[in-house]
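>
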Amino acid sequence: MNFDIDTLLKNINIVRIIDVIIVWWVLYRLMMLIRGTKAVTLLRGVGIVIIVKVVSWYFGLATISWVTDQIINWGVIALVIVFQPEIRRGLEHLGRSGLFRQKQAYQSEKRLVNELDDAIQYMSKRRIGALISIEMETGLEEYIETGIPIDAEVSSQLLINTFIPNTPLHDGAVILKDNRLATAAAYLPLSDSATIPKELGTRHRASVGISEVTDALTIVVSEETGAVSITRNSELMQSLSREDYRKYLTRQLVTSDETADQSWWTQLRSFLKRGDK
Numbered sequence: 001m002n003f004d005i006d007t008l009l010k011n012i013n014i015v016r017i018i019d020v021i022i023v024w025w026v027l028y029r030l031m032m033l034i035r036g037t038k039a040v041t042l043l044r045g046v047g048i049v050i051i052v053k054v055v056s057w058y059f060g061l062a063t064i065s066w067v068t069d070q071i072i073n074w075g076v077i078a079l080v081i082v083f084q085p086e087i088r089r090g091l092e093h094l095g096r097s098g099l100f101r102q103k104q105a106y107q108s109e110k111r112l113v114n115e116l117d118d119a120i121q122y123m124s125k126r127r128i129g130a131l132i133s134i135e136m137e138t139g140l141e142e143y144i145e146t147g148i149p150i151d152a153e154v155s156s157q158l159l160i161n162t163f164i165p166n167t168p169l170h171d172g173a174v175i176l177k178d179n180r181l182a183t184a185a186a187y188l189p190l191s192d193s194a195t196i197p198k199e200l201g202t203r204h205r206a207s208v209g210i211s212e213v214t215d216a217l218t219i220v221v222s223e224e225t226g227a228v229s230i231t232r233n234s235e236l237m238q239s240l241s242r243e244d245y246r247k248y249l250t251r252q253l254v255t256s257d258e259t260a261d262q263s264w265w266t267q268l269r270s271f272l273k274r275g276d277k
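In the UniProt record's numbering, the protein residues as written are 1 to 277.
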């Protein structure tokens, strides 16, 4: 059998391939947005309804098929109503991910690291205990809801004032989401791991606990020693120097391309100059 590459290329519908790629990309982004949130549980329920629908259609179960049809038809409207805030946040997230927002994202990420550094230094020198958890890929909505909503721009002054002893918000965790301070005085799960040194307190156990169930990055400032620790993916990094934790935070949080610090017009001119050589 002769293999004709020209015939193969003619039979390939490029538009359909692009269509499939776009659909899979949208589904992937959707899964990333809802991962770790309560919407995952709902998505499982939707999957069960679809499976029941397919099975009832295959075996000719008319009544069950009719019921699942009604659930699907009315369920779409119910989903839009119930998850209106999540849909709005998702569309806002999509709007922020444009090409020309890259510079703004890069500057925002760098600023976040600097504000965290200033707050950590202040609290560490004065031995003010702190617990700061930063949402990464896995959603932290379940834990954000346990705290007091703030939804403010992150600043070192706000972080410091939050953890000042004997203030209403100092006990618990601050959770950062999308480079904003989402909530304060939140409760994080405590780890039962026997590998955690006994001299470490509740804040460290909470930081390890949240790292065991999510991919959150959590910063701990010890009120006994002023030492700075970071946990992520069940790993506890203790007694970090300023240089060490700044490098780690920059590597983990500054995800945008460094070239975004230049204007898009400067980048375009540089690209055209390279093309002339």
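Using N, Cα and C, we set each Cβ at its ideal position, and we do this for glycine too.
What residues in its chain sit with their C-beta under 8 Å from that of valine 113, if we drop five residues either side in the sequence?
Within the sequence shown, numbered from 1, the residue matching residue 113 stands at position 113. Within the same chain, valine 113 has close Cβ partners Arg246, Leu249, Thr250, Leu253, Val254.
> Could you name the residues of the same chain whose beta carbon sits closer than 7 Å to that of valine 54, not counting the 5 residues immediately before and after it, in chain order?
If you number the sequence shown from 1, residue 54 lands on position 54. Closer than 7 Å at Cβ, skipping near neighbours: no residue.
> What's the C-alpha gap between leucine 190 and isoleucine 219?
To locate residue 190, count along the sequence shown from 1; it is residue 190. To locate residue 219, count along the sequence shown from 1; it is residue 219. In a straight line, the C-alpha of leucine 190 is about 15 Å away from that of isoleucine 219.
> Shorter than 7 Å, the distance from the beta carbon of isoleucine 210 to the closest heavy atom of the ligand FMN, or not?
Summarising the ligand content, the structure contains no ligands, and the ligand FMN is consequently not present.
> Using CA coordinates, which residue listed in Lys125, Ser234, Ala186, Asp178 is at the minimum distance from threonine 214?
In the sequence shown, the residue the question calls residue 214 occupies position 214. Nearest neighbour of threonine 214 by Cα position, chosen from Lys125, Ser234, Ala186, Asp178, turns out to be Ser234.
> Can you tell me the Cα-Cα spacing of residue 300 and leucine 240, whole angstroms?
The question about residue 300 has no answer here: the residues shown for the chain are numbered 1 through 277.
> How would you write the range of the alpha helix (DSSP H) that leucine 158 sits in, first residue to last?
Numbered from its first residue, the sequence shown carries residue 158 at position 158. Looking at the DSSP string, the run of the alpha helix (DSSP H) that includes leucine 158 is 156 to 163.
> Should alanine 62 be labelled buried (16 or more other beta-carbon atoms within 10 Å of its own) or exposed?
Translated into the one-based positions of the sequence shown, residue 62 becomes position 62. Burial call: exposed.
> Grouping DSSP H, G and I as helix and E and B as strand, with all else coil, what is arginine 44?
Along the sequence shown, read from residue 1 onward, the residue named residue 44 stands at position 44. Residue state, collapsed to three classes: helix.
> Does the Cβ-Cβ distance between glycine 172 and alanine 186 come in under 8 Å?
Position 172 of the sequence shown, counting from 1, holds the residue named residue 172. Position 186 of the sequence shown, counting from 1, holds the residue named residue 186. Yes. Within cutoff.
> Closest by CA to glutamine 70, which one among Ser156, Val46, Val228?
As a position in the sequence shown, residue 70 is number 70, starting the count at 1. Closest by alpha carbon: Val46.
> Is serine 156 near alanine 119, with beta carbons less than 8 Å apart?
Translated into positions along the sequence shown, residue 156 becomes position 156. Translated into positions along the sequence shown, residue 119 becomes position 119. It is a contact, given that the beta carbons lie within the stated cut-off.
> Within a Cβ cutoff of 8 Å, which residues of the same chain sit near leucine 176, ignoring the five residues on either side of it in sequence?
As a working mapping, residue 176 is identified with position 176 in the sequence shown. Once the five neighbours on either side are set aside, the close Cβ partners of leucine 176 are Leu112, Ile132, Ser133, Ile134, Glu135, Val154, Ala182.
> Take isoleucine 196 and list the residues in its own chain whose beta-carbon comes closer than 8 Å to its own, dropping the five residues that flank it on each side.
Taking the first residue of the sequence shown as position 1, residue 196 is located at position 196. Hits under 8 Å: His204, Arg205, Val208, Leu236.
> What does a CB cutoff of less than 8 Å around leucine 109 pick up in its chain, not counting 5 residues either side in sequence?
Locating residue 109 in the sequence shown gives position 109, counting from the first residue. Note on identity: in this sequence residue 109 is glutamate, with leucine being the wrong assignment. Excluding sequence neighbours, glutamate 109 sits near Asn179, Leu253, Val254, Thr255, Ser256.
> To the nearest angstrom, how far is it from the Cα of phenylalanine 100 to the Cα of tyrosine 106?
Position 100 of the sequence shown, counted from the start, is the residue given in the question as residue 100. Position 106 of the sequence shown, counted from the start, is the residue given in the question as residue 106. Confidence is the limiting factor: at phenylalanine 100 the pLDDT is only 47, short of 50, which leaves the residue's position unreliable, though a coordinate-based value still follows. C-alpha separation (whole angstroms): 11 Å.
> Report all residues from its chain with a CB closer than 7 Å to the CB of isoleucine 148; omit the five preceding and five following residues, and keep chain order.
Within the sequence shown, the letter at position 148 stands for residue 148. If we look at isoleucine 148 and ignore the five residues flanking it on each side, its Cβ neighbours are Leu169, Thr183, Ala184, Ala185.
> Ordered along the chain, which non-local residues of its own chain (more than five positions away) have a Cβ less than 8 Å from that of serine 16?
Stepping through the sequence shown from its first residue, residue 16 is reached at position 16. The residue asked about is misnamed: residue 16 is arginine in this sequence, not serine. Closer than 8 Å at Cβ, skipping near neighbours: no residue.
> Tell me the DSSP secondary structure of glutamate 153 in three-state form.
Position 153 of the sequence shown, counting from 1, holds the residue named residue 153. Of the three classes helix, strand and coil, the one that applies to glutamate 153 here is strand, per DSSP.
> Closest to leucine 158 by CA distance: which of Asp117, Gly226, Ile144, Gln84 is it?
Taking the sequence shown and counting its residues from 1, one reaches residue 158 at position 158. Of Asp117, Gly226, Ile144, Gln84, the residue nearest in Cα terms is Asp117.
> Where isoleucine 210 and lysine 198 are concerned, what is the direct C-alpha to C-alpha distance, given to the nearest angstrom?
As a first step, residue 210 must be located in the sequence shown, where it is residue number 210. As a first step, residue 198 must be located in the sequence shown, where it is residue number 198. Whole-angstrom Cα-Cα distance: 18 Å.
> Is it buried or exposed, threonine 167, if we count other Cβ atoms within 10 angstroms and call 16 or more buried?
For the purposes of this step, residue 167 is taken as residue 167 along the sequence shown, with counting starting at 1. Classification for threonine 167: exposed.
> Can you look up lysine 277 in the DSSP assignment and give me helix, strand or coil?
Residue 277 sits at position 277 when you count from the first residue of the sequence shown. Below a pLDDT of 50, predicted positions are generally treated as unreliable, and lysine 277, at 45, falls in that range; no measurement from the model is reported.
> With 16 other CB atoms within 10 Å as the buried threshold, where does tyrosine 143 fall?
Residue numbering aside, residue 143 sits at position 143 when the sequence shown is read from its first letter. Classification of tyrosine 143: buried, given that the 10 Å Cβ count is 16 or more.
> Please state whether the Cβ-Cβ distance between arginine 127 and glycine 226 is less than 8 Å.
What you label residue 127 is simply residue 127 of the sequence shown in a count that begins at 1. What you label residue 226 is simply residue 226 of the sequence shown in a count that begins at 1. Yes.
> With distance defined between alpha-carbon atoms, name the residue in Val76, Ala216, Val20 nearest to threonine 138.
Taking the first residue of the sequence shown as 1, we reach residue 138 at position 138. The option with the nearest alpha carbon to threonine 138 is Ala216.
> Confirm, please, whether the CB-CB distance from valine 49 to isoleucine 72 is below 8 Å.
Taking the sequence shown and counting its residues from 1, the one referred to as residue 72 is at position 72. Taking the sequence shown and counting its residues from 1, the one referred to as residue 49 is at position 49. A contact, by the Cβ cut-off of 8 Å.
> In this structure, does DSSP put alanine 216 in helix, strand or coil?
Stepping through the sequence shown from its first residue, residue 216 is reached at position 216. It is coil, neither helix nor strand.
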